[in-house]
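Asks: In full-length UniProt numbering, the protein residues as written are 26 to 474.
Following this message is one structure expressed as structure tokens.
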Ligand code: GLN
């Protein structure tokens, strides 16, 4: 009841697309009854969780914040959602985001933008803006988002909370509406590391419905969550910290933070990373290619919006459905993706980008031979104002420079709220460990946060 009241009181933030009010009450009642009848407490008994509007929850609407799926009801639950429910969590509603998780500001939603609760004139980040604000404003305890190129970490950074993107393959993607399948990963928002660890514990693991979900055993993220006593070897990319797009205050805060870590006995060393300039282009070539393929199913026949306009043939019918159903950013990406996959350009763009991705993965493995953790900013600036970047999609894309690396290489990454900018907004520190080393990432986070 407390959270339902909070949600109603903060309705203007536009964080929720839909509140599952009666359902949440029913779940709460059942969980309450279970305790009274002496049944054991479940791992997430009564924990109030909001979910990004890209995760399927059986019998509930899920729209990817798109007109295309406005009337779509999920016929089954995503594995992550089923696991949360089995662990006793209460799913309180679905959260606003950029359409099909494409964006960095939540300005691409068919339901209008979510507002940053700290400053309503500023964006909450994206694409999981609603998930970030719901935790930021205390509308739920933790929330789920999805992170294809930073969509959990960057809004966490803009809102002053924690955002974790697990390794590719740590959490099943079954029931997550696909944007770019080889990048997508379910992520977690919370206000402290143990909360995030508790949710990760529940949703991780193998899944017969997703062959990319790793069969590796899930460690005990909760009991083993002690900061390590031994000195940690931190690396940072010199090119990242010296990048001209980085806000000078963020640079200064990071460098002095590195000094503090050194004083505490850790090593913090710059490494050269000449591939830095290829990161954003590689990400946008590969993700738009995958998106153009994934989104081809939304044709108004199998799925999605069906136009009322008259048509003379099938192509025109598809064109009407897709023109009306998709917003401008989604269309831009489908066009970009179709272009880089088209016969004359496939080798020059798509194949090339795949080769760069391979190099990135190899170089990252080399770095993790000598270092435990890579540190970087999460974003080049704190939360910007609404409309500031909407006219210039490239400027918006370039803001993803620090986050897309983890998705290209599949490593886990977390944004930790540590700093405040003189403009009154928070910003975070991003930490990354090697693939499937979520436990050490969480341990380091306890030390850093
Ligand atoms: N901002 C990035 C993009 O627009 C990341 C999105 C995401 O992680 N879903 O693609």
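Built from N, CA and C at the ideal position, the CB exists for glycine as well.
Kindly give me the distance between the Cβ atoms of residue 200 and residue 130, rounded to whole angstroms, as I take these residues to be in contact under 8 Å.
Replies: 26 Å between Cβ atoms; not a contact.
Asks: Might you give, ordered along the chain, the residues of its own chain that have their beta carbon closer than 7 Å to the beta carbon of residue 276, omitting 5 neighbours on each side?
Replies: 266
Asks: Would you be able to state if there are at least three C-beta pairs under 8 Å between the region 110–128 and the region 73–88?
Replies: Inter-segment contact for the region 73–88 and the region 110–128 is present: three or more beta-carbon pairs are separated by less than 8 Å.
Asks: The alpha helix (DSSP H) that contains residue 431, what's its start and end?
Replies: 429–434
Asks: Roughly how many angstroms separate the alpha carbons of residue 137 and residue 43, rounded to a whole number?
Replies: 13 Å
Asks: For residue 212, name the three-state secondary structure that DSSP assigns.
Replies: strand
Asks: The beta strand (DSSP E) with residue 457 in it runs from where to where?
Replies: 451–457
Asks: Taking the beta strand (DSSP E) that residue 255 falls in, what are its first and last residues?
Replies: Run containing residue 255: none; DSSP gives neither H nor E here.
Asks: With a 10 Å radius around its C-beta and 16 neighbouring C-beta atoms as the bar for buried, classify residue 293 as buried or exposed.
Replies: buried
Asks: Among 218, 194, 192, 204, which has the Cα closest to the Cα of residue 181?
Replies: The shortest C-alpha separation from residue 181 is found at 218.
Asks: For residue 414, does the count of other Cβ atoms within 10 angstroms reach 16, so buried, or fall short, so exposed?
Replies: Counting Cβ neighbours within 10 Å, residue 414 comes out buried, since at least 16 surround it.
Asks: Using 8 Å as the cut-off, can you tell me whether the region 92–109 makes contact with the region 194–209, which would need three or more C-beta pairs spanning the two stretches below that distance?
Replies: yes
Asks: Can you tell me whether residue 463 is helix, strand or coil according to DSSP?
Replies: helix
Asks: Looking only at its chain, what residues have a beta carbon closer than 6 Å to the beta carbon of residue 224, apart from the 5 residues adjacent to it on each side?
Replies: 167, 213
Asks: Whose C-alpha, out of 164, 278, 53, 40, is nearest the C-alpha of residue 30?
Replies: 164
Asks: Sorted by chain position, which residues of the same chain lie with C-beta nearer than 6 Å to residue 426's C-beta, five sequence neighbours on each side aside?
Replies: 305
Asks: If we ignore side chains and look at the alpha-carbon of each, how far apart do residue 335 and residue 27 end up?
Replies: 49 Å
Asks: By alpha-carbon positions, which one of 188, 361, 432 ends up nearest to residue 174?
Replies: 432
Asks: Is residue 422 helix, strand or coil when you go by DSSP?
Replies: helix
Asks: Once you ignore the five residues that flank residue 303 on each side, which residues in its own chain have a CB closer than 7 Å to its CB?
Replies: 381
Asks: Here's the rule: buried if 16 or more other CB atoms are within 10 angstroms of the residue's CB, otherwise exposed. What is residue 36?
Replies: exposed
Asks: Let's see if you can read the secondary structure: which residues bound the beta strand (DSSP E) around residue 400?
Replies: 398–402
Asks: Three or more beta-carbon pairs under 8 Å between the region 306–314 and the region 372–390, yes or no?
Replies: Enough Cβ pairs lie closer than 8 Å, so yes.
Asks: Compute the minimum distance between the beta carbon of residue 403 and the heavy atoms of the ligand GLN, and state whether it is under 7 Å.
Replies: no
Asks: Less than 7 Å separating the Cβ of residue 176 from some heavy atom of the ligand GLN?
Replies: yes
Asks: Between residue 405 and residue 424, is the Cβ-Cβ spacing less than 8 Å?
Replies: Against a cut-off of 8 Å, the Cβ pair of residue 424 and residue 405 comes out as a contact.
Asks: Would you give the residue range spanned by the alpha helix (DSSP H) that residue 362 belongs to?
Replies: Under the DSSP assignment, residue 362 falls in the alpha helix (DSSP H) whose first and last residues are 353–366.
Asks: Please report the Cβ distance between residue 282 and residue 399, rounded to the nearest whole angstrom; I am assuming they are in contact, meaning their Cβ atoms lie under 8 Å.
Replies: Going by Cβ atoms, the distance from residue 282 to residue 399 rounds to 14 Å, so no, they are not a contact pair.
Asks: How far does the beta strand (DSSP E) with residue 119 in it reach, from first residue to last?
Replies: 115–120
Asks: By DSSP, does residue 87 sit in helix, in strand, or in coil?
Replies: DSSP places residue 87 in coil when its eight states are reduced to three.
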